[in-house]
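According to UniProt numbering, the first sequence is numbered sequentially starting from 1.
Every residue, glycine too, gets a C-beta built ideally from N, C-alpha and C.
Note that this is a predicted model, so its numbers are computed, not measured.
Note sheet for the following structure.
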Amino acid sequence: MTTISNSAVPPVNPVELVDWFDTSARPLPWRAPGTTGWGVLVSETMLQQTPVNRVQPIWEEWMRRWPRPSDLAAESQGEVLRAWGKLGYPRRALRLHQAAGVIADEHGDVVPSDVDTLLALPGIGAYTARAVAAFAYGRRAPVVDTNVRRVVARAVHGAGDAGPPSTKRDLADVDALLPSDDATAARMSAALMELGQVVCTVRSPACESCPIAHDCAWQHAGRPAYAGPPKKVQKFAGTDRQVRGKLLDVLRGSTGPVGRHELDAVWSDAGQRDRCLDSLLVDGLVEQTADGRFALPGEH
DNA sequence: AATCCGTGGGG
DNA sequence: TCCCCAAGGAT
1 MTTISNSAVP PVNPVELVDW FDTSARPLPW RAPGTTGWGV LVSETMLQQT
51 PVNRVQPIWE EWMRRWPRPS DLAAESQGEV LRAWGKLGYP RRALRLHQAA
101 GVIADEHGDV VPSDVDTLLA LPGIGAYTAR AVAAFAYGRR APVVDTNVRR
151 VVARAVHGAG DAGPPSTKRD LADVDALLPS DDATAARMSA ALMELGQVVC
201 TVRSPACESC PIAHDCAWQH AGRPAYAGPP KKVQKFAGTD RQVRGKLLDV
251 LRGSTGPVGR HELDAVWSDA GQRDRCLDSL LVDGLVEQTA DGRFALPGEH
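Quick look at the structure:
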C-alpha cells in the first residue's frame, strides 16, 4: 500500500505556513516580543481547555500582579484561586502555583527551556512543555494540541478530523513536519496551531483562504467526512463537576470562611453535595477551619 | 485507555 | 433548548 507519511516531499511546506503566520497571526498579548518564559507558561496553562477571549484579561492581570514566578509563589493559594476567577478547572491554578514555587527555588526564578525539565513540573504535560520550549525559547519541539491534530489529520492523512489522541504517534506525526532549524520549527508550530484555530476549524473550515490548501490531502480527497470512532462528549449538568463549581464559587465570592448552611444552598442533593465538598478538601481546593467552617486554602 | 476535572459562547 | 466544544493533565 502507498504510505503518505513516508513520501519524499513533506506534505506541508514550512515556508508557506510561516509566511502566512507572519502576516496573519492575531496579535495576542503573550505573543508580544519580550514576553518572558513565565508569561508564556501562564498563558499556556490558562489556555488549557479555555478560550482565548476569556483568558486574555486574566493573563494581563496576572502579569501585572505577579511578573515573576517567585511573586506568585509568595501569594496564598486562596488568593491565586480567587484571581483565577471563572477560567475553570481551578486545579490548574493550584498546580501553577506549585510550579512557580519550584521554579523560584530550584531554577533561579526562570522558567526552564528544556522539555524534560518542564515535564517534571506539576501541571505541565506533553503539550505545555513543548509549547513553552517553542514559543518562549524558540526551540524545535512538536507542539501537539487539538488544533494541530486536526490540521495534521486533514492536510497529511486526508481525514475529516483527528481520531482519538495518541501522544506518541501524534508527536511523531508533527515531528516529521518540522524543519530542522529551531527558529523556523518553533514558528511553524505556532503557525500550525493558528491555522487550526482560525482557518482549519472543526465545523466550517475556510479552505478558500488556507495557505496550504493546494497540498492538503483532505482537499485532494474531496473533503470526506470524519469516519473515525464517535467523539465522546462529557455531560456537565448534574455532574460532580457542576456541583464542585458551585461550591467553589461561593467560597471565591466570600471574604472569609463560610458555614455549611451557606454551602447547602447551592445543591439540593445532600449526598452529592457532601461528596463534592469532600473531594474539594482532598484536592486542596478547600480547607476546613478549626470551628468547622470552610474557606479557600491558606486564607484563615 | 478511559474518565474525571469548570465554564461559557455559539450553532 | 440543547448540544458541541475550547491552546490538556493526572490518574
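{"Item": "Under 8 Å between C-beta atoms of valine 143 and arginine 130", "Value": "yes"}
{"Item": "Reference valine 243, options Gln272, Ala221, Leu251, Thr255, closest by Cα", "Value": "Gln272"}
{"Item": "Beta-carbon spacing of leucine 177, valine 111 below 8 Å", "Value": "no"}
{"Item": "Three CB pairs or more closer than 8 Å across the region 207-220 and the region 155-175", "Value": "yes"}
{"Item": "Candidates Pro229, Leu171, Ser268, Tyr226, of which the one nearest glycine 238 by Cα", "Value": "Ser268"}
{"Item": "CA-to-CA distance, glycine 123 to glycine 253, given in whole angstroms", "Value": "25 Å"}
{"Item": "Residues near threonine 3 in its chain [Cβ-Cβ closer than 7 Å; skip 5 each side]", "Value": "Low per-residue confidence applies at threonine 3: pLDDT is 39, beneath 50, and the placement is therefore not dependable, though the value from the model is reported in the following sentence. The answer is none, since no qualifying residue turns up."}
{"Item": "Between the CA atoms of alanine 270 and leucine 118 - distance to the nearest angstrom", "Value": "41 Å"}
{"Item": "CB-CB length for proline 229 against proline 165, believed under 8 Å", "Value": "At roughly 12 Å, the Cβ-Cβ gap does not stay under 8 Å, so proline 229 and proline 165 are not in contact."}
{"Item": "Valine 18 versus aspartate 182: straight-line alpha-carbon distance, rounded", "Value": "13 Å"}
{"Item": "Euclidean distance between Cα positions of alanine 265 and tryptophan 66", "Value": "35 Å"}
{"Item": "Proline 142 beta carbon near the ligand ADP (any heavy atom closer than 7 Å)", "Value": "The ligand ADP is absent from the structure shown, which contains no ligands of any kind."}
{"Item": "Other residues of its chain near residue 303: CB distance less than 8 Å, five sequence neighbours each side excluded", "Value": "The requested residue 303 is not part of the displayed model; the chain covers only 1 to 300."}
{"Item": "Residue environment, asparagine 53, which counts as buried when at least 16 other CB atoms sit within 10 Å", "Value": "exposed"}
{"Item": "Element boundaries [alpha helix (DSSP H), containing alanine 104]", "Value": "91-106"}
{"Item": "Backbone secondary structure at glutamine 234 - three-state DSSP", "Value": "coil"}
{"Item": "Glycine 138 versus methionine 188: straight-line alpha-carbon distance, rounded", "Value": "11 Å"}
{"Item": "Distance between glutamine 77 and lysine 86 (C-alpha atoms, nearest Å)", "Value": "15 Å"}
{"Item": "Given leucine 285 as reference, the closest of Val151, Glu194, Arg91, Val250 once Cα atoms are compared", "Value": "Arg91"}
{"Item": "Limits of the alpha helix (DSSP H) - the one that valine 243 falls within", "Value": "240-252"}
{"Item": "In chain order, each alpha helix (DSSP H) run of at least 4 residues that lies wholly inside the UniProt domain \"HhH-GPD\" (46-198)", "Value": "52-65, 69-73, 77-84, 91-106, 115-119, 126-137, 146-155, 167-175, 182-198"}
{"Item": "Where glutamate 299 falls: helix, strand or coil (DSSP)", "Value": "coil"}
{"Item": "Residue range of the alpha helix (DSSP H) that includes glutamate 208", "Value": "Note, glutamate 208: premise wrong, no alpha helix (DSSP H); not H, not E."}
{"Item": "Residues that DSSP places opposite glutamate 287 in a beta bridge", "Value": "Ala295"}
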